[in-house]
Amino acid sequence: MENQKQDLCLIQKCREHNDEAFTTLALKYQPLMISKIKCYHFPLMDFDDLLQECRIILYQAVQRYKLDSRIKFSSFYMYLLKHHFCELIRYYNAHKRKGETLISTDRVHNDYIMENIYSDSLNPEQVVEVRERFECAYDVLSKSEKEVFYQNQINNPDFIQDKRVKRILYRAKYKIRKQMK
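Under this note's numbering, the first residue of the sequence shown carries the number 126, and numbering increases by one thereafter.
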């Protein structure tokens, strides 16, 4: 109760534009401010900026608090602080602000491919049919073409440096395309 009376006295002085009273109140509630800042994660804001936000909310709490209220000033201030931090989180997570965050070009490219090339209505029968046609086309290849094609599929760059190997690979791809039509 003593603490509440002290707060009420400081609030009254703050409302009379006493800067020292506000500084005293801010120092008194600084541990609460720091603990609330640590509870939330704001990657784009500096710690000092968040502390300043807490002081602004403290000033607003001083102005809005009813001296005859049954609620303690500390509880009222904690409520306002929590509400303000939730608003900041909503602001940073807003959909219209997503353009400000950085994304990789690979992710954009992959999203584009998934949206524009792959169909959601991929029929399993069509998949089986394409696999069977590929297996038939693969059987047409010679032994050397199969070996070169297989090495190319497992991304072995050392194997595909020779011109002869490149020609064999070209022939294998040509035969497969022809058979798949």
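We put the beta carbon where it would ideally sit given N, CA and C, even for glycine.
Q.
Suppose contacts are defined by Cβ-Cβ distances below 9 Å. Is L213 in contact with F167 by that definition?
A. yes
Q: Whole angstroms is fine: what's the gap from E127's alpha carbon to I162's?
A: 27 Å
Q) Should D174 go down as buried or exposed, given a rule of 16 or more other Cβ atoms within 10 Å for buried? A) exposed
**Q.** Classification of D132 by the beta-carbon crowding that lies within 10 angstroms, buried from 16 upward
**A.** buried
Q.
Considering only their Cβ atoms, is the gap separating I293 from V273 smaller than 9 Å?
A. yes
Q.
At the level of alpha carbons, what is the spacing between K191 and C139?
A. 13 Å
Q. Hey, Y217 and L169 are a contact pair by Cβ (cut 8 Å); roughly how many whole angstroms apart?
A. 7 Å
Q | Candidates V265, F210, Y295, C134, of which the one nearest Q304 by Cα | A | V265
(Q) Which same chain residues end up closer than 7 Å to L183 when comparing Cβ atoms and leaving out the 5 residues on each side of it in sequence? (A) L150, A151, Y154, Y202
Q: For V290, I'd like the list of residues in its chain whose CB is within less than 6 Å of its CB, leaving aside the five on either flank, ordered along the chain.
A: V273
Q.
Rounded to whole angstroms, what is the Cα-Cα separation between L135 and C179?
A. 17 Å
Q: Excluding the 5 residues preceding and the 5 following M158 in the sequence, name in chain order all residues of the same chain whose CB lies nearer than 7 Å to its CB.
A: L176, C179
(Q) Just to confirm my understanding: we take C261, look at its own chain, exclude 5 residues before and 5 after, and list those with CB closer than 7 Å. What are they? (A) Q304
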